[in-house]
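Take a look at the structure set out below.
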Amino acid sequence: MSPRLDYYSASPKAMKAMIAMEALTSNLSIEAPLLQLIKIRASQLNGCAFCTDMHSVDARRAGESDRRLYAIAVWRDSGFFNPRERAALDWAEAVTLLADSHVPDDVYQQARAQFSEVELVDLTMAVSTINCWNRLAVSFRQTPSD
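For the sequence shown, UniProt numbering assigns the number 1 to the initial residue and increments by one for each residue that follows.
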């Protein structure tokens, strides 16, 4: 699969806004290791090989274990994630698959049990941002480098 276009050079203003959004969501209330988990999971759901690879590499560099990284795709059936991480992964899936789930009340209640109001908004902004990055990378066929 070859890239369709370089979206950074095609629309620098738009990409400047995306980079600013990424910087903002990375500096809100959600801890960095958890941000990596939700970025990986949303990217898996969206079929974004580029972002899945990038955030897996970043998570590993930050100390995440290979075992947990391999288990993100099957987090519900794994005992490797604590209740806060499980709530975040469930929330990330529901927000990513919005048209399918409309973010069910039980998923919201589980998230509210683990996250303050501020944290839940911040988590939702992080999920929204990675979904936007996924849409850019998938639409324009950005692939991981070797």
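The beta-carbon is built from N, C-alpha and C at its ideal position, and this holds for glycine as well.
What you are looking at is a predicted structure, and each value in this text was computed from that prediction instead of being measured.
message: Is the beta carbon of isoleucine 72 closer than 8 Å to that of arginine 41?
response: On the sequence shown, position 41 is the one that residue 41 refers to. On the sequence shown, position 72 is the one that residue 72 refers to. Contact: yes.
- request: Return the Cβ separation of glutamate 93 and leucine 34 in integer angstroms, given the expectation that the two are a contact with Cβ distance under 8 Å.
  value: Residue 93 sits at position 93 when you count from the first residue of the sequence shown. Residue 34 sits at position 34 when you count from the first residue of the sequence shown. Between leucine 34 and glutamate 93 the Cβ distance is about 14 Å, and since that is not below 8 Å, they are no contact.
- request: Helix, strand or coil for histidine 55, going by three-state DSSP, please let me know.
  value: Translated into the one-based positions of the sequence shown, residue 55 becomes position 55. Note: histidine 55 maps to helix in three-state DSSP.
task: Report yes or no: do the segment 5 to 17 and the segment 55 to 66 share at least 3 C-beta pairs separated by less than 8 Å?
output: no
field: threonine 143 beta carbon less than 8 Å from that of arginine 22
entry: On the sequence shown, position 22 is the one that residue 22 refers to. On the sequence shown, position 143 is the one that residue 143 refers to. Looking at the sequence provided, one finds glutamate at residue 22 rather than arginine. No, Cβ-Cβ distance for glutamate 22 and threonine 143 is not below 8 Å.
task: Please name the residue, chosen from Ser139, Phe140, Thr124, that lies closest to leucine 24 on a Cα-to-Cα basis.
output: Position 24 of the sequence shown, counted from the first residue, corresponds to residue 24. Checked all of Ser139, Phe140, Thr124; the closest Cα to leucine 24 is Thr124.
- request: Write down every uninterrupted run of the alpha helix (DSSP H) in the segment 51 to 133 whose length is 4 residues or greater and which is fully enclosed by it, in chain order.
  value: 66 to 71, 83 to 96, 98 to 101, 105 to 114
message: Below 8 Å on the Cβ atoms is my contact criterion, and I expect phenylalanine 140 with leucine 5 to pass it. Report the Cβ-Cβ distance as a whole number of Å.
response: Along the sequence shown, one-based indexing puts residue 140 at 140. Along the sequence shown, one-based indexing puts residue 5 at 5. So it is a contact: roughly 6 Å between Cβ atoms.
message: Are the CB atoms of aspartate 122 and isoleucine 19 within a distance shorter than 8 Å?
response: Within the sequence shown, residue 19 is the residue found at index 19, counting from 1. Within the sequence shown, residue 122 is the residue found at index 122, counting from 1. No. Outside cutoff.
- prompt: From histidine 102 to methionine 54, what distance separates their C-alpha atoms?
  reply: Residue mapping note: residue 102 aligns to position 102 of the sequence shown, counting from 1. Residue mapping note: residue 54 aligns to position 54 of the sequence shown, counting from 1. Approximately 28 Å between the Cα atoms of the pair.
- prompt: Rounded to a whole number of angstroms, what is the C-alpha to C-alpha distance between glycine 47 and tyrosine 70?
  reply: Here residue 47 is taken as the residue at index 47 of the sequence shown, counted from 1. Here residue 70 is taken as the residue at index 70 of the sequence shown, counted from 1. Going by the C-alpha atoms only, they are around 16 Å apart.
- prompt: How is methionine 1 classed by DSSP in three states: helix, strand or coil?
  reply: For this step, residue 1 is matched to residue 1 along the sequence shown. In this structure, methionine 1 counts as coil in the three-state DSSP scheme.
query: Which word fits glutamine 44, buried or exposed, when buried means at least 16 other C-beta atoms lie within 10 angstroms of its C-beta?
result: In the sequence shown, counting from the first residue as 1, residue 44 sits at position 44. With 16 or more other Cβ atoms within 10 Å, it is buried.
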